[in-house]
Amino acid sequence: MGAAPQNGVLVVAAGRGSRAGGALAKQYQPIGGQAVLRRTLEQFVSEERIGMIQVVIHPDDSELYENCTEGLGKLNPPVFGGETRQASVRLGLEALAAENPANVLIHDAARPFVTGDIICAVLDALEAHDGALAALPVADTLKQVADSRITATLPRDNLWRAQTPQGFRFQVIRKAHAKAAEAGKTDFTDDTAVAEWAGLDVAAVMGSEANIKLTTSEDMRMADDKLSGKTAAGSQTGTYEFRTGTGYDVHAFTAGSSVTLCGVEIPHSLGLKGHSDADVAMHALTDALLGAVCEGDIGAHFPPSDPQWKGAPSRTFLARAAELVARRGAAITHVDVTIICEAPKIGPHREAMRAKLSEVLELDKSRISVKATTTEGLGYTGRREGIAAQAAATVKLPA
Ligand code: MG
Numbered sequence: 018m019g020a021a022p023q024n025g026v027l028v029v030a031a032g033r034g035s036r037a038g039g040a041l042a043k044q045y046q047p048i049g050g051q052a053v054l055r056r057t058l059e060q061f062v063s064e065e066r067i068g069m070i071q072v073v074i075h076p077d078d079s080e081l082y083e084n085c086t087e088g089l090g091k092l093n094p095p096v097f098g099g100e101t102r103q104a105s106v107r108l109g110l111e112a113l114a115a116e117n118p119a120n121v122l123i124h125d126a127a128r129p130f131v132t133g134d135i136i137c138a139v140l141d142a143l144e145a146h147d148g149a150l151a152a153l154p155v156a157d158t159l160k161q162v163a164d165s166r167i168t169a170t171l172p173r174d175n176l177w178r179a180q181t182p183q184g185f186r187f188q189v190i191r192k193a194h195a196k197a198a199e200a201g202k203t204d205f206t207d208d209t210a211v212a213e214w215a216g217l218d219v220a221a222v223m224g225s226e227a228n229i230k231l232t233t234s235e236d237m238r239m240a241d242d243k244l245s246g247k248t249a250a251g252s253q254t255g256t257y258e259f260r261t262g263t264g265y266d267v268h269a270f271t272a273g274s275s276v277t278l279c280g281v282e283i284p285h286s287l288g289l290k291g292h293s294d295a296d297v298a299m300h301a302l303t304d305a306l307l308g309a310v311c312e313g314d315i316g317a318h319f320p321p322s323d324p325q326w327k328g329a330p331s332r333t334f335l336a337r338a339a340e341l342v343a344r345r346g347a348a349i350t351h352v353d354v355t356i357i358c359e360a361p362k363i364g365p366h367r368e369a370m371r372a373k374l375s376e377v378l379e380l381d382k383s384r385i386s387v388k389a390t391t392t393e394g395l396g397y398t399g400r401r402e403g404i405a406a407q408a409a410a411t412v413k414l415p416a
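Taking this note's numbering, the leading residue of the sequence shown gets 18, the next gets one more, and so forth.
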C-alpha cells in the first residue's frame, strides 16, 4: 500500500426485501445474467481510488454471497447485518475499523448503475466536508395528498432526492453511528440522516437518474432488459444458456384406494408403495429439475431413511428443487412429464395436474406438459405391477 489515503466501501446487502418478488432477495437476482450485487461490487472494484470493500449480508445468504462474488478482488470477508439497515451499517463500520480507512462510501447493494464519476465526485467532496452524498434535485412538482385528494402543492426549491453512495470521513461516521445506537435512535433511513443528527457538515453532489435503487419487480425487469440488450420485440443478445435435466422413477402398487400423481389424488383399486406419498410423477420431475442444475438427486436431498419424510407430500420435494434452481439464478423454461401405466386413466386428470404443478413451481401452465402412455401390456407397467414416470426440465441460466 502506498502513502495515499485508503478509501473503503461498505455495501449494505443484508435486506430481505420482497417487493421485487421471487424466491431470492433482489440483490441476488440476476440482471443481464449476473447477480445485482456482483454488478454493484464490480463498479467499486474497478475504481482505482477504492482500496477495500466490506459487504454486510444476511446470515442465511453466505452461500449465495460466495457464489456471486467468486473471483472479485478488494473484498473483505462479509459480516452479518442487524435488525435494521442502520444496525447493519454500524456492524459493517465496526468490521472496517481494523483497517481504519481515511474515508468510507456507504452504498446500497441494489444500486448497480452507480458510475466511477459519481464515486469520484463523492470522494472529491470529502476533501472539504465531513460527508457527501449523491443526490438529484427534485424535478417533478410535489403534491400533498390525503385520501386521494390534493391538499397542497409544496415548493420544491432546494429539495433533492438522496441516493448512494454516501461518503464520510471514516472515524467521524463511525462515531456518529455509535452515538446514535447509544442514544437509542434507530429510525434513520440513510447515513447522512445519522450524520445530520450528529451535527456533521454534509455536501450534496450530483447523482444520476440511472443510479436507481432496484425496488420493484418492474425495476428488475427494466434493469435486466437494459443489460441484456433486449429490444422492444423481445429478442436479446446471448447472455444465457439453456440446460435440460431428466428424471425417472417407479413405484409399485400396494393395497389402497387411490394414487397421487402430480399432486392430484385419483381413486383407484390400488395405492402406490413408498415412504412419502409415492407421487412417482412429482419424483421424476424433481429429479429432472435437480439434474438441470447439477444438484444431485431426490434421494440425496430427502433420504428415505429420514423419518421426517414419511408420508410427506411430494410437493415439498418439488418446491425445494425449484428453489435450488432459483438460487442458481436460473429460471424454469419448460417441464414435460410422462406417466407410464395401464391404469388409472390419466387424461381426465391432466389439467388438474398441470394446474397443481403450475402452483408448486410458480410457472405458467403454458410451460407445463403432462402426458401419459401405456406399454402395451409389456413389462412391469404392462403387468400392472406399478407406475413409472419420466420427466424433462429445461432451465435458463446466466451464462
Ligand atoms: Mg420415488
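Every residue, glycine too, gets a C-beta built ideally from N, C-alpha and C.
These numbers were taken from a predicted model, which means no experiment stands behind them.
Just how far apart, CA to CA, sit residue i and residue j?
i      : j      : result
ALA250 : ASP242 : Note that ALA250 has pLDDT 43, beneath the 50 cutoff, so the model's placement of it is unreliable and the number below is only indicative. Going from the Cα of ALA250 to the Cα of ASP242 covers about 11 Å.
GLY5   : ASP164 : Residue 5 cannot be examined here, being either before or after the span of the chain that is shown, 18 to 416.
LYS362 : LEU89  : 55 Å
GLY201 : ASP208 : 16 Å
ASN120 : ILE48  : 30 Å
GLU213 : ASP353 : 58 Å
LEU341 : GLY98  : 24 Å
THR248 : LEU81  : Reliability of the predicted coordinates at THR248 is poor, the pLDDT of 46 falling under 50, and the value obtained from them is presented with this limitation in mind. Each residue's Cα considered, the two are about 30 Å apart.
LEU110 : ARG33  : 20 Å
SER252 : SER234 : Because the pLDDT of SER252 is 45, which lies under 50, any placement of that residue in the model is unreliable, and the question is left without a value.
ARG401 : GLU359 : 6 Å
ALA156 : ASP174 : 10 Å
VAL96  : THR355 : 47 Å
THR254 : ALA215 : Unreliable positioning characterises THR254 in this predicted model, as indicated by a pLDDT of 49, which lies under 50. The coordinate reading is nonetheless provided below. Those two C-alpha atoms are separated by around 49 Å.
LYS43  : GLN103 : 19 Å
THR68  : ASN24  : Looking at the sequence shown, residue 68 is not Thr but Gly. Approximately 6 Å between the Cα atoms of the pair.
LEU320 : GLY328 : In the sequence as displayed, the identity of residue 320 is Pro instead of Leu. The alpha-carbon atoms of PRO320 and GLY328 are separated by roughly 13 Å.
ALA210 : SER79  : 29 Å
GLY19  : LEU143 : Unreliable placement is indicated for GLY19, whose pLDDT of 42 sits below 50; the coordinate value is still reported in the next sentence. Near 20 Å, if we compare the C-alpha coordinates of LEU143 and GLY19.
GLY403 : VAL131 : 59 Å
Would you kindly check if the distance between the Cβ of residue j and the Cβ of residue i is under 8 Å?
i      : j      : result
LEU289 : HIS318 : no
VAL72  : VAL28  : yes
ILE74  : ALA30  : yes
ALA416 : TYR257 : yes
ALA197 : PHE185 : no
ALA405 : THR411 : no
HIS300 : ASP323 : no
SER331 : ASP304 : no
VAL106 : HIS194 : yes
ASP147 : ASP218 : yes
THR170 : THR158 : yes
VAL26  : LEU122 : yes
ALA339 : LEU278 : no
ARG344 : LEU41  : yes
THR203 : ALA408 : no
LYS373 : GLY280 : yes
THR271 : LEU287 : yes
LEU58  : THR101 : no
PHE187 : PRO94  : no
LEU307 : GLY313 : yes
MET237 : LEU231 : yes
GLU83  : GLY133 : no
LEU414 : ALA347 : yes
Smallest Cα separation from residue i: which of the options?
i      : options                        : result
ALA152 : LEU140, GLY184, SER225         : SER225
ALA389 : ILE357, ALA329, GLY399, PHE259 : ILE357
PHE259 : GLY399, GLY25, GLY50, ASN24    : GLY50
PRO182 : ASN228, GLU144, LEU159         : ASN228
TYR45  : ARG238, ALA127, CYS279, ALA193 : ALA127
LYS91  : LEU143, ALA221, ALA156, PHE61  : PHE61
ALA440 : VAL211, ALA369, THR350, ALA221 : A query on residue 440 cannot be resolved here, the shown segment of the chain reaching from 18 to 416 and no further.
LEU380 : GLY394, ALA336, ARG367         : ALA336
MET223 : ILE67, ASN24, PHE187, ILE135   : ILE135
HIS366 : ASP314, SER386, GLY68          : SER386
PRO129 : ARG371, GLY396, MET239         : MET239
HIS113 : LYS413, ILE190, LEU414         : One detail in the question is off: residue 113 reads as Leu in this sequence, not His. Nearest of LYS413, ILE190, LEU414 to LEU113, Cα basis: ILE190.
LEU176 : PRO154, GLU199, LYS160         : PRO154
HIS124 : ARG56, THR392, PRO284          : ARG56
Going by DSSP, what residues sit across from residue i in a beta bridge?
i      : result
VAL387 : VAL354
LYS413 : PHE259, ALA348
ARG166 : ALA163
THR271 : GLY288
ARG178 : LEU153
PRO47  : ALA52
GLU282 : THR277
VAL29  : VAL73, ASP125
MET223 : ALA152
GLY264 : ALA408
ARG367 : DSSP, once it has assigned bridges, lists no residue as partnering ARG367.
ASN24  : ILE67, ASN120
Can you confirm whether residue i, when its beta carbon is compared against all beta carbons of chain C, has any partner nearer than 8 Å?
i      : result
ALA339 : No chain C appears in this structure, which consists of one protein chain only.
Closer than 7 Å from C-beta to any heavy atom of the ligand MG: which residues, in chain order?
-> ASP266, HIS268, GLY291, ALA295, VAL297, HIS300, ILE315
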